[in-house]
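Peer 1:
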Amino acid sequence: MSDDTTFGSQNDLSGGDLSRVTPRRDLQKILECPVCHLIPSPPIYNCLQGHSICCRCRPKIDKCPLCQAAYTCSRNFALEAIIETSTFVCDHHEEGCLAVLAGKDFQAHVVQCGFRPIICHLGSFHACHGSQVGVKNYLSHLITVHKVQQCERTVGNSFTVAHILRDSNVSDVSWCGKYVEFDGRHFLTRSFLSMGIFHFCLVLLDEDQESSQYTVRIKIEKRDSKNRTFEIKIPVCPIRMSDSLIIEDCLHGMLNKSLLRMLCDVEEKIDDTLKLRWEVHYELMKLS
């Protein structure tokens with residue numbers, strides 16, 4: 001063997017061709033659970049053919065979705081060690097999340113990430129079927145699919161939205177709402193009738209935690225000889241609130257139908273039903 005025999009060129013020692021290195025996102029795809037498509041958290045289990053599954057998905061299925069082999073109780077300790085000592089970008093990086101996470105924290109973050117897709121709250125209308133839409137695209141979805149319009153009755157940080165209930169006997173109905181722009185952000189009115197109770201609030205079309213910066217004063221009034229008024233000041237709600245969560249967990253405005261009727265213009269129709277019309281006034285404020 002000659003003295004100039006080498007086992008690797010200088011290029012090999014300095015890292016070689018960087019274009020041949022597996023991209024981080026591609027490596028992340030290789031490691032992810034085949035069911036939830038997230039980086040798995042320990043304990044990680046194997047099927048008979050060696051495919052892995054995360055601990056959250058293991059109780060949900062009996063056969064591997066990749067090869068249909070049965071799952072075993074054996075754990076993939078090597079993969080667990082790789083993930084626990086590695087860092088990963090959030091699955092919602094392209095939506096704007098800048099988090100870089102330790103493998104053990106990945107799943108817990110992703111399922112609560114402020115940039116995760118939004119389940120459309122108007123999903124039962126216009127063939128939407130509860131679409132999952134990115135935070136950045138949600139307003140566009142509301143405009144194009146649900147025909148949500150920008151509120152035109154706006155003065156500074158105040159605006160007014162009219163509501164019509166064509167049959168006062170109806171107990172459950174939703175309004176698509178209007179959106180406004182304030183402080184460089186978009187806000188959406190949310191209002192619905194559930195079991196005869198009128199619920200209403202304002203939500204921010206942005207990351208969940210950003211809504212805590214704003215409050216809104218909401219007023220419903222009937223300008224007649226009695227000048228009846230209902231007024232409430234409440235926090236702006238996060239966009240991810242479903243109707244049921246607004247009812248259960250969110251500070252918002254509520255009026256039963258009897259009180260609401262006192263604040264409405266009432267029109268008696270030919271079929272003896274009543275048509276109700278009222279206006280809701282909003283005043284947005286940013287907390288200092």
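Per full-length UniProt numbering, the very first residue in the sequence shown carries number 1; after that it's consecutive.
Glycine is no exception: its CB is placed at the ideal position from the N, C-alpha and C atoms.
What would DSSP say about methionine 241, mapped onto helix, strand or coil?
Peer 2: Mapped onto the sequence shown, residue 241 falls at position 241. Coil, per DSSP.
Peer 1: Beta-carbon separation of cysteine 97 and cysteine 113 under 8 Å?
Peer 2: Working through the sequence shown from its first residue, we reach residue 97 at position 97. Working through the sequence shown from its first residue, we reach residue 113 at position 113. Going by C-beta atoms, cysteine 97 is nearer than 8 Å to cysteine 113.
Peer 1: Going along the chain, which unbroken runs of the alpha helix (DSSP H) with 4 or more residues stay wholly within the segment 81 to 121?
Peer 2: DSSP runs (the alpha helix (DSSP H)) wholly in the segment 81 to 121: 106 to 110.
Peer 1: The alpha helix (DSSP H) spanning lysine 257 covers which residue range?
Peer 2: On the sequence shown, residue 257 is found 257 positions in, with the first residue counted as 1. Looking at the DSSP string, the run of the alpha helix (DSSP H) that includes lysine 257 is 257 to 262.
Peer 1: Which residues in the same chain have their Cβ closer than 7 Å to the Cβ of valine 21, if we skip the five residues on either side of it in sequence?
Peer 2: Numbered from 1 along the sequence shown, position 21 holds the residue referred to as residue 21. With a pLDDT of only 43 at valine 21, under 50, the local geometry of the prediction cannot be trusted, and no value is derived from it.
Peer 1: Using 8 Å for Cβ pairs, my map puts glutamate 95 next to glycine 134. What's the rounded Cβ distance?
Peer 2: As a working note, residue 95 is residue 95 in the sequence shown. As a working note, residue 134 is residue 134 in the sequence shown. The Cβ separation is near 5 Å, so the contact holds.
Peer 1: Measuring CB atoms only, is the segment 217 to 232 touching the segment 133 to 147, in the sense that at least three cross pairs come out at less than 8 Å?
Peer 2: Verdict: no, contact absent.
Peer 1: Whose C-beta lies closer than 7 Å to the C-beta of cysteine 57 among residues of the same chain, with five residues either side of it excluded?
Peer 2: Taking the first residue of the sequence shown as position 1, residue 57 is located at position 57. Cβ within range, chain order: Cys33, Val35, Cys36.
Peer 1: Exposed or buried, what is proline 59 when buried is set at 16 or more other beta-carbons lying within 10 Å of its beta-carbon?
Peer 2: Here residue 59 refers to the residue found at position 59 when the sequence shown is read from its first residue. So proline 59 counts as exposed.
Peer 1: Please classify methionine 195: is it buried, with 16 or more other beta-carbons within 10 angstroms of its beta-carbon, or exposed?
Peer 2: Sequence index remark: in the sequence shown, residue 195 carries index 195 (1-based). Looking at its Cβ environment, which holds fewer than 16 other Cβ atoms inside 10 Å, methionine 195 is exposed.
Peer 1: Helix, strand or coil, according to DSSP, for valine 21 in the structure here?
Peer 2: Position 21 of the sequence shown, counted from the first residue, corresponds to residue 21. Here the model assigns valine 21 a pLDDT of 43, short of 50, so the residue's position is not dependable and the matter cannot be decided.
Peer 1: Does the beta-carbon distance from glutamate 283 to serine 158 come in below 8 Å?
Peer 2: The residue labelled residue 283 in the question sits at position 283 within the sequence shown. The residue labelled residue 158 in the question sits at position 158 within the sequence shown. Closer than 8 Å, so yes.
Peer 1: Does the contact criterion of 3 or more C-beta pairs under 8 Å hold for the segment 59 to 71 versus the segment 36 to 50?
Peer 2: Because the criterion of three Cβ pairs below 8 Å is met, the segment 59 to 71 and the segment 36 to 50 touch.
Peer 1: On a CA-only basis, which of Arg190, Gly184, Ile239, Ser171 is nearest serine 211? Give me that one, please.
Peer 2: Taking the first residue of the sequence shown as position 1, residue 211 is located at position 211. Closest option to serine 211, Cα to Cα, is Ile239.
Peer 1: Excluding the five sequence neighbours on either side, which residues of its own chain have a C-beta within less than 8 Å of the C-beta of lysine 104, listed in chain order?
Peer 2: Locating residue 104 in the sequence shown gives position 104, where the first residue counts as 1. Counting only Cβ-Cβ distances below 8 Å, and skipping sequence neighbours, we find Ser41, Pro42, Ile83, Glu84.
Peer 1: Determine the closest residue to valine 148 out of Leu122, Val170, Glu268, Pro65, with distance taken between C-alpha atoms.
Peer 2: Looking up residue 148 in the sequence shown gives position 148. Looking at the Cα atoms, Leu122 is the closest of the given residues.
Peer 1: Under 8 Å between the Cβ atoms of arginine 190 and isoleucine 246?
Peer 2: One-based indexing of the sequence shown puts residue 190 at position 190. One-based indexing of the sequence shown puts residue 246 at position 246. The answer is yes: Cβ separation under 8 Å.
Peer 1: Between which two residues does the beta strand (DSSP E) carrying isoleucine 234 extend?
Peer 2: Counted from its first residue, the sequence shown places residue 234 at position 234. Isoleucine 234 -> beta strand (DSSP E) spans 228 to 235.
Peer 1: Could you tell me which of Ile118, His93, Thr87, Asp208 sits nearest to phenylalanine 106, measuring between CA atoms?
Peer 2: Position 106 of the sequence shown, counted from the start, is the residue given in the question as residue 106. Taking only the C-alpha atoms, the option nearest phenylalanine 106 is Thr87.
Peer 1: Tryptophan 278 by DSSP, collapsed to three states: which one?
Peer 2: Residue mapping note: residue 278 aligns to position 278 of the sequence shown, counting from 1. Strand, per DSSP.
Peer 1: Beta-carbon within less than 7 Å of phenylalanine 125's beta-carbon, same chain only, minus the 5 sequence neighbours each way: which residues are those?
Peer 2: In the sequence shown, counting from the first residue as 1, residue 125 sits at position 125. Excluding residues within five positions, the ones whose Cβ falls inside 7 Å are His146.
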